[in-house]
Structure formats: C-alpha cells, structure tokens
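Engineer:
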Amino acid sequence: MNDARVRLRYLDETVGLLFPGSGGRRPYSVLPHPLLPRRLAPRAWWHPGRKVMVASDEDTIETYLSEVLSAPVRIVLHVRPALRANRKPILEARAPDGLAAFVKIGDTDRSRELIANEARALDLLAGVPLKTVVPPAVLHHGSWRGLSVLALTPLPVRRGRIPEDLLVEAVGEISRISGHGSAWHGDFSPWNIARGADGRLLVWDWERFATGVPLGFDAVHHFFQRALRRTRPATAARACVAQALPILAPFGLSAAEARLTAIRYLIALADRHAADGHAPLGPAEHWLNPAVDFEEALT
1 MNDARVRLRY
11 LDETVGLLFP
21 GSGGRRPYSV
31 LPHPLLPRRL
41 APRAWWHPGR
51 KVMVASDEDT
61 IETYLSEVLS
71 APVRIVLHVR
81 PALRANRKPI
91 LEARAPDGLA
101 AFVKIGDTDR
111 SRELIANEAR
121 ALDLLAGVPL
131 KTVVPPAVLH
141 HGSWRGLSVL
151 ALTPLPVRRG
161 RIPEDLLVEA
171 VGEISRISGH
181 GSAWHGDFSP
191 WNIARGADGR
201 LLVWDWERFA
211 TGVPLGFDAV
221 HHFFQRALRR
231 TRPATAARAC
241 VAQALPILAP
251 FGLSAAEARL
261 TAIRYLIALA
271 DRHAADGHAP
281 LGPAEHWLNP
291 AVDFEEALT
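So the sequence shown is residues 1 to 299, counted in full-length UniProt numbering.
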C-alpha cells in the first residue's frame with residue numbers, strides 16, 4: 001500500500017476517534033495535496049483538494065482541549081503514516097491569538113506508554129536547572145474517551161545550523177539530569193532539536209527518555225540518524241563504530257570505551273525495534289551484525 005493510501009486510511013480512523021458522534025458537521029481540508037495528505041486543517045475558502053466532514057457536537061477533541069486549555073481552540077491534525085511503531089495523532093491546538101499547544105494522542109497501548117514516559121520525563125526536567133537544553137512544558141496530561149492526551153507548550157523553532165559544541169553541551173547536560181546513572185533523550189535526532197534565539201538548544205519528543213545508559217548514547221544516535229540520510233543502515237552502523245572516538249572523545253572516553261559504547265548503542269536500538277515489533281532498518285542481522293562482527297574481527 002502506497003504512502004498516500006496509508007495516510008488516508010489513518011486519517012479516516014483518526015477523525016472517527018477525535019470527532020465522534022452524529023451532531024453538526026463542518027468541513028476540513030486535507031493539505032497540502034489530496035494525493036499525498038500531510039495534515040488536516042480547518043477549511044478556508046481558498047483550500048484545494050478533498051473535503052473531510054467532521055462532527056462539531058459537544059463531545060470532540062476540540063471541545064475537550066478548549067476546556068483544559070481554557071481557550072477556544074481549533075485543531076490541525078498531522079496525518080502521519082500508520083506504518084510506525086510509535087504512530088499516534090499529533091495535533092496543533094490553535095487559539096484565537098495563535099498556536100496554544102502541540103498535542104499528542106495515545107490511541108494504542110504502545111503510544112500511551114510512550115506518552116506517559118514523556119510526561120514523566122518532562123515533569124523531571126521541570127525541576128532541574130538547565131542551562132543549555134530547553135524542553136517543552138506539560139500543559140495537560142489526561143484522558144479523554146479512553147485516549148491519552150498530552151498537551152505541550154510550543155517551542156519557538158528556528159531552523160538553522162547547530163554548532164557542534166552546542167550539541168556536545170546538550171548531550172552532556174541531558175546525561176547529568178538523573179542521579180541514577182547517565183541519562184539520554186532517547187531520540188536525539190536532527191528533526192527533534194533546533195537552536196533557539198538565545199543560543200540554547202530546543203529539544204522535544206522525550207518519549208524515549210531513559211536513565212542508566214552509557215554516557216554518549218545521544219551523541220551516537222545523532223550521528224547514526226544523520227548517517228542514515230546518506231547511506232544504508234549497515235554502512236551507517238559500521239560508521240558509528242569507526243567514528244566512535246571523534247564522536248565520544250568530547251565526553252572523555254578512550255578509543256576502546258568509545259567503540260564499546262557505539263556497539264552497545266546499536267544493540268540497544270535493535271532491542272528497541274524488536275520490542276516495538278517494528279523493523280524500520282530491516283532485520284538486525286542485516287545492519288547490526290556486520291558492524292559487530294567487523295569490530296570483533298579487529299580485536
């Protein structure tokens with residue numbers, strides 16, 4: 001099934017969850033193009049493409065969010081692919097004066113677990129004096145019609161180059177958050193971070209936050225995700241091990257410690273995919289084993 005069909009099917013399922021009932025109905029538009037929908041927005045007169053009729057009675061996600069955010073809101077739904085382990089509806093809650101919140105909806109057991117973990121992580125971060133990292137704040141965490149709802153403050157994202165020293169400082173600060181061993185964000189990817197106007201690093205999507213991991217996991221993850229944009233998973237995994245020392249030297253690791261950390265990261269990522277029942281990089285024996293076997297051959 002192609003991406004457009006996957007998104008349209010998921011759109012229909014999600015609209016049914018968020019706008020149940022048989023009350024009044026109003027149109028939304030699938031944007032930016034009907035053949036490859038990316039988001040669902042309140043319809044304007046100039047919108048092209050497919051109309052989607054949604055319920056507008058008293059029991060919709062918009063009325064719920066308007067109540068908990070203490071402002072009338074309209075939502076924009078991001079129509080994400082369903083073929084993801086952490087698939088969930090992502091909403092923009094827009095109030096009359098602008099964007100009020102980003103909202104995650106937990107509609108499966110796994111997505112509810114991830115949302116709960118992010119809420120706990122952000123509650124922890126709210127009590128930590130951070131100098132480099134800026135996470136979102138929790139505006140609301142609750143339940144509506146059996147769905148988990150997590151509303152977060154929007155971060156003032158500005159895209160641009162992020163200096164390497166800022167990345168190092170952020171990874172180091174995150175690692176010191178907990179007193180239970182080194183911590184990591186868990187998905188410190190280029191698309192989850194941005195440089196703020198004040199020079200600090202905006203970091204969102206804390207669903208995979210965990211403690212008790214080797215120092216430097218976030219740095220290796222960031223390198224790996226960037227490498228995956230340019231090359232195949234097996235090659236990117238090999239590069240993680242080969243470049244482990246320059247990646248992790250800023251954290252005081254020796255060459256041997258750095259290679260071991262890179263391998264442990266790759267194994268942890270493979271374990272995550274196995275636990276999710278999802279293999280976005282293909283079978284682990286195709287991308288993980290060559291990197292591990294190559295390292296063992298050198299020692």
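Think of the CB as a built atom: it goes at the ideal place given N, C-alpha and C, for glycine as much as any other residue. As the structure is a prediction and not an experimental result, all values here were calculated from the model.
Which whole-angstrom value describes the C-beta separation of residue 75 and residue 100, a residue pair presumed to lie in contact below a C-beta threshold of 8 angstroms?
Structural biologist: Actually they are not in contact, since the Cβ atoms of residue 75 and residue 100 sit about 10 angstroms apart, beyond 8 angstroms.
Engineer: Kindly indicate the opening and closing residues of the alpha helix (DSSP H) around residue 170.
Structural biologist: Per DSSP, residue 170 belongs to the alpha helix (DSSP H) from 164-175.
Engineer: Residue 217 by DSSP, collapsed to three states: which one?
Structural biologist: Correct three-state label for residue 217: helix.
Engineer: In terms of residues, what are the limits of the beta strand (DSSP E) holding residue 305?
Structural biologist: What is shown of the chain runs 1 to 299, which leaves residue 305 out entirely.
Engineer: What does the alpha-carbon distance come out to for the pair residue 227 and residue 290?
Structural biologist: Computed Cα separation, rounded: 16 angstroms.
Engineer: With DSSP as the reference, please indicate the residues paired to residue 280 in a beta bridge.
Structural biologist: For residue 280, which the question treats as bridged, DSSP gives no partner whatsoever.
Engineer: If you pair each beta-carbon of the segment 141-161 with each one of the segment 182-190, do three or more pairs fall below 8 angstroms?
Structural biologist: No, because fewer than three Cβ pairs between the segment 141-161 and the segment 182-190 fall closer than 8 angstroms, the two stretches do not touch.
Engineer: Helix, strand or coil: which one does DSSP assign to residue 42?
Structural biologist: Residue state, collapsed to three classes: strand.
Engineer: Check this for me: beta carbons of residue 18 and residue 61, under 9 angstroms apart or not?
Structural biologist: Cβ atoms of residue 18 and residue 61: closer than 9 angstroms.
Engineer: So, at 7 angstroms on beta carbons, what are the nonlocal neighbours of residue 88 in its own chain, with the 5 sequence-adjacent residues on each side left out?
Structural biologist: Correct list, in chain order: 104, 105, 106, 107 and 111.
Engineer: Report the CB separation of residue 133 from residue 203 in whole angstroms; it is logged as a contact under 8 angstroms.
Structural biologist: Contact flag correct, Cβ pair sits at about 5 angstroms.
Engineer: Alpha carbon to alpha carbon, how far is residue 55 from residue 65?
Structural biologist: Straight-line Cα distance between these residues: approximately 15 angstroms.
Engineer: Mind checking residue 97: buried by the 16 CB within 10 Å criterion, or exposed?
Structural biologist: That one is exposed.
Engineer: Give the DSSP-derived three-state secondary structure of residue 101 in the structure shown.
Structural biologist: The answer is strand: DSSP assigns residue 101 an E or B state.
Engineer: Can you tell me which residues form a DSSP beta bridge with residue 106?
Structural biologist: Looking at the DSSP assignment, residue 106 forms a beta bridge with 148.
Engineer: Alpha carbon to alpha carbon, how far is residue 141 from residue 115?
Structural biologist: So the two alpha carbons sit approximately 9 angstroms from each other.
Engineer: Following the continuous beta strand (DSSP E) through residue 76, name the residue where it begins and the one where it ends.
Structural biologist: It spans 74-78 - the beta strand (DSSP E) in which residue 76 sits, taken as one unbroken run.
Engineer: Cα separation between residue 8 and residue 79?
Structural biologist: Rounded to whole angstroms, residue 8 to residue 79 spans 8 angstroms at the Cα level.
Engineer: Could you check where the beta strand (DSSP E) with residue 195 kicks off and where it finishes?
Structural biologist: Looking at the DSSP string, the run of the beta strand (DSSP E) that includes residue 195 is 193-195.
Engineer: For residue 28, collect the residues of the same chain with a Cβ closer than 7 angstroms to its Cβ; drop the 5 residues on either side in sequence, then sort them by chain order.
Structural biologist: Here the set comprises 40, 41, 42, 43, 52 and 54.
Engineer: If residue 170 sits next to residue 177, beta carbons under 8 angstroms apart, how far is it from one beta carbon to the other, in whole angstroms?
Structural biologist: Actually they are not in contact, since the Cβ atoms of residue 170 and residue 177 sit about 11 angstroms apart, beyond 8 angstroms.
Engineer: What is the DSSP secondary structure of residue 254, reduced to helix, strand or coil?
Structural biologist: Reduced to three states, the DSSP call for residue 254 is coil.
Engineer: Among residues of its own chain, excluding the 5 on either side of residue 302, which ones have a beta-carbon nearer than 7 angstroms to its beta-carbon?
Structural biologist: The first residue shown for the chain is 1 and the last is 299, placing residue 302 beyond what the model contains.
Engineer: Determine the closest residue to residue 58 out of 267, 25, 70 and 181, with distance taken between C-alpha atoms.
Structural biologist: That would be 25, whose Cα lies nearest to the Cα of residue 58.
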